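Undergrad: Sending over a structure as structure tokens; questions will come in a sec.
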Amino acid sequence: MNELNEKAINMCQALIGFKPGVSDEEIDTAISTVTSLPMFAGLDKIELKKSLLAIYNVKVDTYQILEGRDARIPWLKEFKAERRSEWQFWTRYKKYLAEQKHFAPEVISQLDDLTDRILDKLFNPQRNDIVINKKGLVVGQVQSGKTANYTGLICKAADAGFNLIIILAGIHNNLRSQTQNRIDEGFLGFDTQNTRAYDMNRTIRIGVGLIPGFDKAIANSYTTSTEHGDFTSRAANTAGFNFNNPQPIILVIKKNASVLKRLFSWLQTQSSHGAITNKALLLVDDEADNASINTSRDGDDPTAINKNICRIIKLFNRSAYVGYTATPFANIFIPLDKDDLFPKDFIINLPAPDNYIGPEKVFGTSADPDGNEDLLPIVFPVTDSDAFVPARHRRDDPKPTVDDIPESLRTAIKCFIVTCAIRIARGQENKHNSMLIHVSRFQAWQNHLKEIIDRLFKYYKSEIEADDPTMLEELRQIFEEDTPDYRSYRTITGEIIESPILPRIDNKIRSHTWEEIRPLLYRAVQKIEVKSINGTSGDSLTYYENERNGISVIAIGGDKLSRGLTLEGLSVSYFLRASKMYDTLMQMGRWFGYRPGYVDLCRLFTSNELNEWYRHITLASDELREEFRYLAESGGTPENYALKVRTHPGQLQITSVSKMRHTRNIQVSWAGRLVETYQLLRDPDSKRNNLKATDSLLSELGTPVMIKSDCLWTGISSDTVCDYLSRFQLPGSLTKVNLDLICNYVRDLNEVGELVSWDIALMSKSIDKDTCVHTFSNGIRVGCFVRRQAEDAQNAGTYYIRKNHIVGNPTDEFIDLPADMLSNALDETKKRKSQAGEEWKHEYPSPQLVRQEFRSKQTPLLMIYPLNPESSNMPGVKDAVTYTKDDEPFIGFAIAFPHSDTDKAVSYVVNQVADFAVTEEDFDSTNDNTYDEQ
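According to my numbering, the sequence shown holds residues -16 to 917 in order.
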């Protein structure tokens, strides 16, 4: 966006006002007024309107909150009424978000409300007569704006009187430095690298500091944004301000045992009789999900880290700890202990705005498995990389050459070149562009790959500069030609524009012709650099220094890129790392976020294994968000939620890949949960086995009650159901649907009189001339459902049902429930949603509420779905069996479990899967990662 456009947008916003819910007429009037000025006469009014609509049309759901049982004294309203603060930090930051960052008014409004709620759950920092310690957790989504969120909290906390603020920002210097840069811009208002800012702009003021009228918003920092600007006692002792100054002091530090020990020791010297009484501490943990994950280096040992955080907190009579995390599984292992970091006072679940691109928009979790309109078609499976970077390569293994670079990576690099050119055509020439390549954890490999990828890129660059017809033809094909395993830019942009749902994410994308893009390739490649981002390369990401003109970078990295580091303008990602690591989730998450004006230019090249893993974690996180919502609406506590998280079957998926060396015992419960077989075995023998087991079950059940075209049997014994489940075969990868464990759980609850009388529904699609039909041996004829294979799946042996749902309609699980019960459940759903500030727009009740409070504890429901086998086909995938609709169907099922009056859960001993253990040992024995993070 050029400066003239920026000015026009700011003037239009000033005329319209920073408010949610703006009409088309108000926007048109503002545009007409502004473009009547001579300086804006040549501006494109349509593009200006798109920019304003993108700001004003963003919607965001209300957040949910769980509160602890302890008595809490609300204080903020009275504090405000007494005008105890001028709120200079917050007012300045709000102005900065609206005018410089162009945040949507609705997003700013919710941030204002949310930060008030969090502050009110802490304590009045101006009271010196209390000893108090508060702990809370904010659960957001990956790359959804958590930094902006906690910066808002910090601004308000400083205004209210919190005068020591510590931010724990990751485990690497570059992430700490990036976080400090953002705090400099959003809170301090000056560059802590004074000389850099002065050399660039002849002033040290940046971000909020450039907004006039806030002279009283003064704060100091003991840390700087340089790579080694972390806390040291020497820097603190020689700072030009005193620890006991009334102005707030901020520190942005790494989550590192040595740094935390240093800080604790220095703070001890500032204490009196072992306590600090003149400071109210706010400690923000930006890596709460990193505390409980063991790593190989002593400096990151979570017990040492947690111990030192707790020691720092205990030094203060008045302290507040607020953790921010991107995954609800993060805090599973934190003990429920008053001296630990468990968020006993509150947990808040942050919804992302509707222009956020999260995993559900890529992998899908919506309940309509057949709908296609809401998935972004941007995942490209990688199947040709084995020879390039073997799954179990070691540090000193022979390295690949330029000739070994697979076609998929060559395509990905060409895609990045095309993306950069298209962004120039869209007026985004001065924006950052990033491509991420993550194929090895070894720094020696990363540095070698940088050399060969740089060589390949320079070859592409020289051919483009020479106008080489072969190179230009390859890029033209990338831009506008589809093949069986590649969809072009023209096709994907067209699909997104024509979708009834996706344009909401980004209304500024548009189609281009090759004639328009081809001349821009030369300019695009001039800016692109290849960098290796790790402790030994010496390369760094210079986004901040090049804010005006933008940089384009191909970043090759490993662990340094995996934890929180934001790659600005990230559009193309290439992931191969096969290690089954929990932090792969975080790593992959770098890709999610906001992509204004270029969502259609994003590409995710990844292996089938990572793709599959992300499906599991997406679904598990989505299920936990639903459970959180239910608990928030029914008065649940953080402890209730902790139990839900700790017993979630998704743990079976996660702990099998989590970064822990030892066997551990976990507890799993299916109470109030919906279990779905969203992956099935594709081979004919397994398919036949499951059909035969189903046929045998149905033939035992007798005559069903017909409900439309579906069949229902009631009062079936749990033994009959468990016998069926024990004969059913599922892929080993679907560990969260462990049928043996489910049967153990059922038997345990049978002992207390629960889950004893099952209902079984055989679901049937309405039959017409095109329907695949199957007749069971008991004469029941059913229509088979279409559940399409995920388009990016590559494992010939597994049927990955797209969007991870076999249930076609949320009302399926109500088939055995009486109408009056459902009517009461609908009334209760509407009432609770209304109390939570939401509107329930469906004619059926919340399935979660029905399972938790209405379905009988004796009566789970097993739903059986016959599936059209043709839907499972995988064209182009080697060794994949091809089926027709006349073949025998696949069988899938879902189980709706009621709530339980007991806390019974099944114990499960998780041991490292063998190949993972070997991979980890290989890495640890030759780990060459150099961090210099002390």
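The beta-carbon is built from N, C-alpha and C at its ideal position, and this holds for glycine as well. Since the model is a prediction, treat every value here as computed from it, not as a measurement.
Just to confirm, is the Cβ distance from residue 17 to residue -9 under 8 Å?
TA: In contact: residue 17 and residue -9 (Cβ atoms closer than 8 Å).
Undergrad: Out of 767, 258, 501 and 776, point me to the one whose CA is closest to residue 861's CA.
TA: Answer by Cα proximity: 776.
Undergrad: What separation, rounded to the nearest whole angstrom, lies between the Cα atoms of residue 418 and residue 516?
TA: 12 Å
Undergrad: Three-state secondary structure (DSSP) at residue 55?
TA: coil
Undergrad: In terms of residues, what are the limits of the beta strand (DSSP E) holding residue 418?
TA: 416 to 421
Undergrad: Using the three-state DSSP reduction, which class does residue 850 fall into: helix, strand or coil?
TA: strand
Undergrad: Of all the options 170, 153, 186 and 228, which has the alpha carbon lying nearest to the alpha carbon of residue 242?
TA: 153
Undergrad: With H, G and I counted as helix, E and B as strand and the rest as coil, what does DSSP make of residue 909?
TA: Low local confidence applies: a pLDDT of 48 at residue 909 is under 50, so the model's placement there is unreliable, with the coordinate-based value given in what follows. Residue 909 sits in coil when the DSSP states are folded into three classes, being neither helix nor strand.
Undergrad: Go ahead and pull the three-state DSSP assignment for residue 168.
TA: helix
Undergrad: Going by DSSP, what residue range makes up the beta strand (DSSP E) through residue 741?
TA: 740 to 745
Undergrad: What's the gap between the Cα of residue 398 and the Cα of residue 863?
TA: 29 Å
Undergrad: Could you check what DSSP says for residue 38 in three-state terms: helix, strand or coil?
TA: helix
Undergrad: Rounded to whole angstroms, what is the Cα-Cα separation between residue 796 and residue 738?
TA: Spanning the two alpha carbons is a distance of roughly 16 Å.
Undergrad: Take residue 707 and list the residues in its own chain whose beta-carbon comes closer than 7 Å to its own, dropping the five residues that flank it on each side.
TA: 676 and 680
Undergrad: When we look at the beta-carbon of residue 225 and count the other beta-carbons within 10 Å, is it buried (16 or more) or exposed?
TA: exposed
Undergrad: Roughly how far, in whole angstroms, is the beta-carbon of residue 106 from the beta-carbon of residue 58, given that I think they are within contact range, below 8 Å?
TA: 7 Å
Undergrad: Just to confirm the assignment: which complete beta strand (DSSP E) runs, minimum length 3, are found wholly within the segment 441 to 525?
TA: 511 to 516
Undergrad: Buried or exposed for residue 757, going by 16 or more other Cβ atoms inside 10 Å?
TA: By the C-beta density criterion, residue 757 is buried, having at least 16 other C-beta atoms within 10 angstroms.
Undergrad: Would you decide whether residue 20 is buried or exposed? Buried here means 16 or more other CB atoms lie within 10 Å of its CB.
TA: exposed
Undergrad: For the beta strand (DSSP E) containing residue 263, list its first residue and its last residue.
TA: Per DSSP, the continuous beta strand (DSSP E) segment holding residue 263 begins and ends at 259 to 268.
Undergrad: Excluding five sequence neighbours on each side, which residues of the same chain lie with their C-beta closer than 7 Å to the C-beta of residue 561?
TA: Annotation note: pLDDT 47 at residue 561 (below 50); position unreliable, coordinate value reported separately. 374, 590 and 592.
Undergrad: Taking the alpha carbon of residue 667 as the point to measure from, which residue in 582, 873 and 824 has its own alpha carbon closest?
TA: 873
Undergrad: Provide the residue(s) that pair with residue 825 in DSSP beta bridges, ordered along the chain.
TA: Answer is none; residue 825 lacks a bridge partner.
Undergrad: If you scan the segment 38 to 114 from start to end, which runs of the alpha helix (DSSP H) of 4 or more residues do you find wholly inside it?
TA: Secondary structure in the segment 38 to 114: the alpha helix (DSSP H) runs of 4 residues or longer, each lying completely within the stretch, are 59 to 64, 71 to 82 and 88 to 104 in chain order.
Undergrad: Please report the distance separating the alpha-carbon of residue -14 from that of residue 447.
TA: 30 Å
Undergrad: Decide if the segment 834 to 849 is in contact with the segment 868 to 882; the criterion is three or more beta carbon pairs, one per stretch, under 8 Å apart.
TA: Yes: at least three Cβ pairs fall under 8 Å.
Undergrad: Report yes or no: do the segment 105 to 122 and the segment 296 to 311 share at least 3 C-beta pairs separated by less than 8 Å?
TA: yes
Undergrad: So, with DSSP's three-state summary, where would you put residue 696?
TA: strand
Undergrad: Could you check if residue 211 is buried or exposed, using at least 16 other CB atoms within 10 Å of its CB as the buried criterion?
TA: exposed
Undergrad: Is DSSP giving residue 431 helix, strand or coil here?
TA: Here residue 431 sits in helix by DSSP.
Undergrad: Counting only the same chain and skipping the five closest in sequence on each side, list residues whose C-beta sits under 6 Å from that of residue 338.
TA: 41 and 488
Undergrad: Between residue 166 and residue 209, is the Cβ-Cβ spacing less than 8 Å?
TA: Taking a C-beta distance under 8 Å as the contact criterion, residue 166 and residue 209 do not qualify as a contact pair.
Undergrad: Taking 8 Å as the cut-off, does the segment 385 to 405 touch the segment 501 to 510 (at least 3 CB pairs, one atom from each stretch)?
TA: yes
Undergrad: I'd like to know if the segment 227 to 240 and the segment 141 to 156 are in contact, where contact means that at least 3 CB-CB pairs between them fall below 8 Å.
TA: Look at the beta carbons and you see the segment 227 to 240 touching the segment 141 to 156: at least three pairs across the two are nearer than 8 Å.
Undergrad: What residue range does the alpha helix (DSSP H) around residue 601 cover?
TA: 591 to 616
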